[in-house]
Each structure stands twice: as C-alpha cells, then as structure tokens.
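Numbering (the numbering used here), first residue to last: 32 to 131.
Written as structure tokens, this is what we have:
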C-alpha cells in the first residue's frame, strides 16, 4: 500500500505560519494548548495542536499528516466466523482433585 504524500512538508508549514505573522508558541497560546505542543507536532502526534495549525494555514490535519490519520474504516468482525471467546472468569469451580 502506497503512503499518501503530505500536502506541505514541515519547513513549508512553518513558513506559512511565519508568512501570516504567527509563531508556534503564539498559536499554541491562542488555542489554549501547552506552550511547546505546536512545535512538537513535527515528531509527535498531538491532535489538538495539529488541528490548530491546520485551521490557521487553511489545510485539514489529515492532509498535512496523512500517516497519522488512517484512511480505512474500522473493521467489524463477523461473529459467525469469529465467535466470542469464553471468559476465563466464567465462574466455574476449579477441579481441586486434579490440582492437589
């Protein structure tokens, strides 16, 4: 499966912010986030900071960081093919003669 390419690379994202007169720290402060959270988005996932950056520069976070947002839908297993497993805590008494 081929990876999706981000709409902008990190230097372009930072450049867009600076062209609009904004810094990462100020953007975090205005959105009520911890001071370094927007700057750490380069290497760490922080969904609120990604949302704030995306809204400010006019992109969806899914387009800027496609590897952090899976494209597929959640899968639901077929219960006929994969029946529920009995719980180990089902309440049956242990066979004490075989243990002793």
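Idealized CB from N, CA, C, for every residue including glycine.
I'd like to check one pair, residue j with residue i: are the Cβ atoms closer than 9 Å?
i	j	result
residue 34	residue 98	yes
residue 73	residue 62	no
Between which residues of its own chain and residue i is the CB-CB distance below 6 Å, once the five residues before and five after are set aside?
i	result
residue 70	55
residue 90	38
Apart from the five residues just before and just after residue i, which ones in its own chain have a Cβ nearer than 8 Å to its Cβ?
i	result
residue 100	92, 93
residue 53	87
residue 66	56, 59, 60
residue 48	54, 55, 58, 84, 87, 88
residue 44	84, 88, 95
Please check the pair residue i and residue j, which I expect to be a contact at CB under 8 Å, by giving their CB distance rounded to whole angstroms.
i	j	result
residue 81	residue 96	6 Å
Runs of alpha helix (DSSP H) lying entirely within the region 64-130, each at least 4 residues, in chain order: With a minimum length of 4 residues, the unbroken runs of alpha helix (DSSP H) contained wholly in the region 64-130 fall at 78-88, 92-95, 127-130.
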